[in-house]
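Participant: Dropping a structure here in structure tokens format, bear with me for questions.
Numbering (the working numbering), first residue to last: 30 to 389.
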């Protein structure tokens, strides 16, 4: 079986790593197509250096731009590659513009399409990610779901027959790479951080970064916390932020740094007193490493993290942020709804059936 894998953004490289390894172990071929949605070293190249993913076979070099333009460019450039490669199945991950553009390219070129991390719903249609994931799910032949909740969501939309519960490949990745990260990462020493002595914060959602009032409110809330806040600054956030990654212009408690590699990020999450983030992936990763999370959003597609007590939704309200941090606790158990750490192998088995039959 020959699989075309379409990736383009930081979380997708992490999700793809276990699946790429499982494809190779099962004797299948993979054509890795990098759309170039994330294109700088910190957000892209470092993941191919750190994780067991070979360098992309193709880099479409789409780059940044308005959402509609970016989806159209991914669609147009990916369709050309797919027609040349003629894969047995096409795989897309998550909910980015690369996801939707790649899915549309597979549909237009007539190749079976699988969506990994299907069925997630925040029920906030103003989020670009929500539109991307819904459209991709409805375009896909095979829906590979990380949780039972995702299966339920798809059944409500009439997509249950295409859906399979396989588990979460990010859980696979954390299980595999956290021990390696603890051995290799030196970032805590470089930043003179003690385990449990700091908070880790990330902000990148457009509704948190594009409005200066909201972004300023969030930064003020972080600066008011009772421990240092390590703050890797996303490129989207950097252009609107007074605090820059050289540490200048910010409150004393905020340690603004450049985006960190995957292995460094795992260690920062595992040793933090708490993670404060608007990232969907980091909500899960915090749970996987046993660190409480405060989510800087009013809703989440990862409802299991909230229901299990590991995650608190606060939006951008400084009072709610302070209250959530003050009331932090570590539940005794991590829920087992994200699979058994072998999602990648189950995905490869499902892809093989898709490649043979063209259907789930």
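Where a beta carbon is used, it is the ideal one built from N, C-alpha and C, also for glycine.
Closest to residue 47 by C-alpha separation, out of 380, 370, 381, would be which residue?
Facilitator: Closest by alpha carbon: 370.
Participant: Within its chain, find whatever has a CB closer than 7 Å to the CB of residue 246; leave out the 5 residues flanking it on each side and keep chain order.
Facilitator: Cβ within range, chain order: 345, 347.
Participant: Pick helix, strand or coil for residue 82, following the three-state DSSP scheme.
Facilitator: Coil, per DSSP.
Participant: Grouping DSSP H, G and I as helix and E and B as strand, with all else coil, what is residue 357?
Facilitator: Residue 357: coil per DSSP, three-state reduction.
Participant: Should the segment 186-206 be called in touch with the segment 353-360, which here means at least 3 C-beta pairs below 8 Å?
Facilitator: Result no; under three Cβ-Cβ pairs closer than 8 Å.
Participant: Take the Cβ of residue 125 as the centre, count every other Cβ of all protein chains shown within 10 Å, and call the residue buried at 16 or more, exposed below.
Facilitator: Per the 10 Å Cβ criterion, buried.
Participant: Who are the near neighbours of residue 58 in its chain, counting only those whose CB is closer than 6 Å to its CB and skipping five residues on each side?
Facilitator: Hits under 6 Å: 31.
Participant: Out of 80, 333, 87, 64, which one is the CA nearest neighbour of residue 94?
Facilitator: Looking at the Cα atoms, 64 is the closest of the given residues.
Participant: Any idea what DSSP makes of residue 163, helix, strand or coil?
Facilitator: Three-state result, residue 163: helix.
Participant: Given 8 Å as the limit, is there contact between the segment 284-301 and the segment 255-264, that is, 3 or more CB pairs closer than that?
Facilitator: Verdict: yes, contact present.
Participant: Candidates 91, 297, 129, 177: which alpha carbon is nearest residue 207's?
Facilitator: Comparing Cα-Cα distances from residue 207 to each of 91, 297, 129, 177, the minimum goes to 297.
Participant: Could you tell me if residue 366 is buried or exposed, where buried requires 16 or more neighbouring beta carbons within 10 angstroms of its beta carbon?
Facilitator: Per the 10 Å Cβ criterion, buried.
Participant: Beta-carbon within less than 8 Å of residue 228's beta-carbon, same chain only, minus the 5 sequence neighbours each way: which residues are those?
Facilitator: Around residue 228: 251, 254, 256, 257, 258, 259, 301, 302, 303, 304, 305, 354.
Participant: Where residue 275 and residue 341 are concerned, what is the direct C-alpha to C-alpha distance, given to the nearest angstrom?
Facilitator: Per-residue confidence for residue 275 stands at a pLDDT of 48, beneath the threshold of 50, marking its modelled position as unreliable; the derived number appears in the next sentence. Roughly 30 Å between the two C-alpha positions.
Participant: Given a cut-off of 7 Å, decide if residue 170 and residue 141 are closer than it, judged by their beta-carbon atoms.
Facilitator: In this structure, residue 170 lies closer than 7 Å to residue 141 by Cβ.
Participant: Helix, strand or coil for residue 52? Go by DSSP, reduced to three states.
Facilitator: In the structure shown, residue 52 sits in a helix (DSSP, three-state: H, G or I).
Participant: Say the cut is 6 Å; is the CB of residue 174 nearer than that to a heavy atom of the ligand ATP?
Facilitator: What this structure holds is no ligand at all, so the ligand ATP is not there to describe.
Participant: Quick one: any contact between the segment 142-159 and the segment 109-125, if contact means 3 or more CB pairs under 8 Å?
Facilitator: Segments in contact, yes.
Participant: Could you have a look at residue 182 and say whether DSSP puts it in helix, strand or coil?
Facilitator: If DSSP states are grouped into helix, strand and coil, residue 182 belongs with the helices.
Participant: Using 8 Å for Cβ pairs, my map puts residue 270 next to residue 244. What's the rounded Cβ distance?
Facilitator: Rounded, the Cβ-Cβ distance is 7 Å, consistent with contact.
Participant: Please classify residue 332: is it buried, with 16 or more other beta-carbons within 10 angstroms of its beta-carbon, or exposed?
Facilitator: By the neighbour-count rule (16 or more Cβ atoms within 10 Å), residue 332 is buried.
Participant: In the structure shown, what three-state DSSP assignment does residue 64 receive?
Facilitator: It is coil, neither helix nor strand.
Participant: Does DSSP put residue 87 in a helix, in a strand, or in coil?
Facilitator: Looking at residue 87 - three-state DSSP - the assignment turns out to be strand.
Participant: How many Å lie between residue 83 and residue 351 at the Cα?
Facilitator: In a straight line, the C-alpha of residue 83 is about 43 Å away from that of residue 351.
Participant: Which class does residue 114 belong to by DSSP, given the choice of helix, strand or coil?
Facilitator: Correct three-state label for residue 114: helix.
Participant: Within 10 angstroms of its Cβ, does residue 44 collect 16 or more other Cβ (buried), or is it exposed?
Facilitator: By the neighbour-count rule (16 or more Cβ atoms within 10 Å), residue 44 is buried.
Participant: Helix, strand or coil: which one does DSSP assign to residue 403?
Facilitator: Nothing in the structure corresponds to residue 403, since the chain is present only between 30 and 389.
Participant: Residue range of the beta strand (DSSP E) that residue 253 falls in?
Facilitator: That residue, residue 253, is in no beta strand (DSSP E); it is neither H nor E in DSSP.
Participant: How long is the line joining the alpha carbons of residue 279 and residue 249, rounded to whole angstroms?
Facilitator: In this prediction, residue 279 scores a pLDDT of 47, lower than 50, which makes its location untrustworthy; the coordinate-derived value is nonetheless stated afterwards. When rounded, the distance between both Cα atoms is 10 Å.
Participant: How would you write the range of the alpha helix (DSSP H) that residue 200 sits in, first residue to last?
Facilitator: 198-213 is the span of the alpha helix (DSSP H), which, as asked, contains residue 200.
Participant: For residue 241, count the other beta carbons within 10 Å of its own beta carbon; 16 or more makes it buried, fewer makes it exposed. Which is it?
Facilitator: It is exposed - the Cβ of residue 241 has fewer than 16 other Cβ atoms within 10 Å.
Participant: Who are the Cβ neighbours of residue 114 in its own chain at under 8 Å, not counting the five residues just before and after it?
Facilitator: Only 31, 33, 60 meet the Cβ criterion.
Participant: So who's on the other strand from residue 35, going by DSSP bridges?
Facilitator: DSSP output for residue 35 lists 62, 121 as bridge partner(s).
Participant: Where does residue 228 fall in DSSP's three states?
Facilitator: Of the three classes helix, strand and coil, the one that applies to residue 228 here is strand, per DSSP.
Participant: Kindly list the residues whose CB is nearer than 8 Å to the CB of residue 96, restricted to its own chain and excluding five residues on each side of it in sequence; keep chain order.
Facilitator: Closer than 8 Å at Cβ, skipping near neighbours: 126, 157.
Participant: Report the rounded CA-to-CA distance for residue 198 versus residue 50, giving the unit in angstroms.
Facilitator: Distance between the alpha carbons of residue 198 and residue 50 is about 11 Å.
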